[in-house]
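**Q**
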Amino acid sequence: MGATVFTTPAAAVADIGNDTSIAVGGFGLCGIPDELIRALAESGVNNLEIFSNNCGVDEHGLGILLSAGRIRRVVASYVGENKEFARQYLSGELEVELTPQGTLAERLRAGGAGIPAFYTPAGVGTPVADGGLPWRYAADGTIAVASPPKETRTFGGNSYVLETGITADYALVHAAVGDTAGNLVFEKSALNFNPLAAMAGRVTIAQVENLVPAGTLDPAQVHLPGVFVQRIVHTGTQNKQIEKRTVTVEEGSNR
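The sequence shown begins at 100 in this note's numbering and counts up one residue at a time.
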């Protein structure tokens with residue numbers, strides 16, 4: 100059974116409503132499902148919980164939803180280059196659960212694999228395990244909601260903290276190639292969080308640069324099997340943004 104092919108990003112996300120949890124692939128502006136995010140913003144959906152490595156940058160990627168005040172909670176590994184993300188978090192407008200990057204990746208993978216929880220050494224002996232990290236600030240700068248302590252256990256003389264798997268109502272991902280059965284191929288570093296986010300979604304929606312008929316892809320090329328993908332939309336090549344441009348000025352140049 101193949102994935103359902105949609106003609107527009109707006110149609111693919113049309114049933115996503117308020118108070119929805121969404122896992123979003125990509126890293127910064129690399130490999131992000133930008134067309135799906137834009138369609139979601141235009142739909143007016145509100146009060147979202149987002150699972151993503153970070154929240155894009157100001158006015159790009161998830162930063163669009165953030166600037167519009169559509170996100171109530173983010174589970175991410177860092178704030179990144181997004182000043183609005185930092186402002187909303189520190190002012191108490193946004194709840195943020197910061198988690199180690201590798202832990203976040205494994206939580207998404209575990210959720211997609213049906214694993215409810217796992218033990219990891221990452222965060223042991225820190226507020227990640229002991230609790231007290233500020234999830235939400237009050238308007239006066241005090242901590243309104245703090246992270247709870249997590250269970251720890253010792254295996255082989257080493258301490259580990261229990262982390263829970265993540266599942267989301269929906270997942271939005273970007274792939275270089277997809278077929279009509281939902282099998283996806285990712286390009287270079289877009290392979291980082293996209294497959295994991297896709298696994299974590301109960302309904303996964305993929306925007307693809309190239310859409311090919313089922314049976315076209317060599318099975319050995321497939322990074323994510325179609326069993327994890329329910330919807331697919333052909334968006335063409337991304338209008339890719341550069342998150343942080345760094346240039347070297349040649350000696351003697353006036354530029």
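By construction, the Cβ of each residue, glycine as well, lies at the ideal position given by its N, Cα and C atoms. These numbers were taken from a predicted model, which means no experiment stands behind them.
I265 and L193: beta carbons closer than 8 Å?
**A** Contact: no.
**Q** Return helix, strand or coil for R347, following the three-state DSSP convention.
**A** Checking the displayed sequence, the identity of residue 347 turns out to be Thr instead of Arg. Three-state result, T347: coil.
**Q** Taking the alpha carbon of G201 as the point to measure from, which residue in A221, G351, G213, P215 has its own alpha carbon closest?
**A** The shortest Cα separation from G201 among A221, G351, G213, P215 belongs to A221.
**Q** Taking the alpha carbon of N257 as the point to measure from, which residue in G240, Y218, E180, N293 has its own alpha carbon closest?
**A** Among G240, Y218, E180, N293, the Cα nearest to that of N257 belongs to Y218.
**Q** Taking the alpha carbon of T303 as the point to measure from, which residue in T253, L203, Q329, G335 has its own alpha carbon closest?
**A** Answer by Cα proximity: Q329.
**Q** Report yes if the CB atom of G231 is closer than 8 Å to the CB atom of A212, and no otherwise.
**A** The answer is no: Cβ separation not under 8 Å.
**Q** Terminal residues of the continuous alpha helix (DSSP H) containing Y188?
**A** Where Y188 is concerned, the enclosing alpha helix (DSSP H) stretches over 182-190.
**Q** Please say whether V112 and A138 have beta carbons closer to each other than 8 Å?
**A** Result yes, Cβ atoms of A138 and V112 sit closer than 8 Å.
**Q** How many angstroms separate the CA atom of S142 from the CA atom of I136?
**A** For S142 and I136, the distance between alpha carbons rounds to 10 Å.
**Q** Would DSSP call G359 helix, strand or coil?
**A** Given a span of 100 to 354 for the chain in the structure shown, any question on residue 359 remains unanswerable.
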